[in-house]
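Trainee: So that we are looking at the same thing, I have put the structure below in structure tokens.
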Amino acid sequence: MECIVKFDVVHDHEVKSLRGLVFVDDDKVPTNEQLEGMFKDMKYEVTVDRGDSLRFVPTQSPASFQYIRIKELDTGNKKFTEDRDLKGILSNLLPTSNRPI
């Protein structure tokens, strides 16, 4: 099954919105390794950010971009989009290790 990946490539002074294609099993979303392979085919040498699974950072320095951010995964049956408002609310409600109890 095809999965259309919509993402932003963030440069110093601009953001480019692009799309890619990954083949996945039925009712599955692409793995980080599949996404890294798709980006490699597009000449972006990246690895997933440890703190954010939807953000990919360059592995080579210097790079022509700061990071890549996944916006949407669309398999035709299911569509995954990040809810930034919900993420912001949850990050304010959940305690972090830096906050005193």
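For any residue, its number in this note's numbering is found by taking its place in the sequence shown, counting from 1, and adding 28.
Every residue, glycine too, gets a C-beta built ideally from N, C-alpha and C.
To which residues of the same chain is Y95 closer than 6 Å at the C-beta, ignoring the five residues directly before and after it?
Mentor: Indexing the sequence shown from 1 puts residue 95 at position 67. V38, R83, V85.
Trainee: By the 10 Å Cβ neighbour count, where 16 or more other Cβ atoms means buried, how is F51 classified, buried or exposed?
Mentor: Your numbering for residue 51 matches position 23 in the sequence shown. Exposed, by the Cβ-count rule.
Trainee: Checking the sheet assignment: what are the DSSP bridge partners for V38?
Mentor: In the sequence shown, the residue the question calls residue 38 occupies position 10. The partner list for V38 (beta bridge, DSSP) reads V43, Y95.
Trainee: Where do the N-terminal and C-terminal ends of the alpha helix (DSSP H) with D69 fall, by residue?
Mentor: As a position in the sequence shown, residue 69 is number 41, starting the count at 1. Note, D69: alpha helix (DSSP H), 60-69.
Trainee: Which value, in whole angstroms, describes the spacing of the CA atoms of T103 and V33?
Mentor: Looking up residue 103 in the sequence shown gives position 75. Looking up residue 33 in the sequence shown gives position 5. When rounded, the distance between both Cα atoms is 9 Å.
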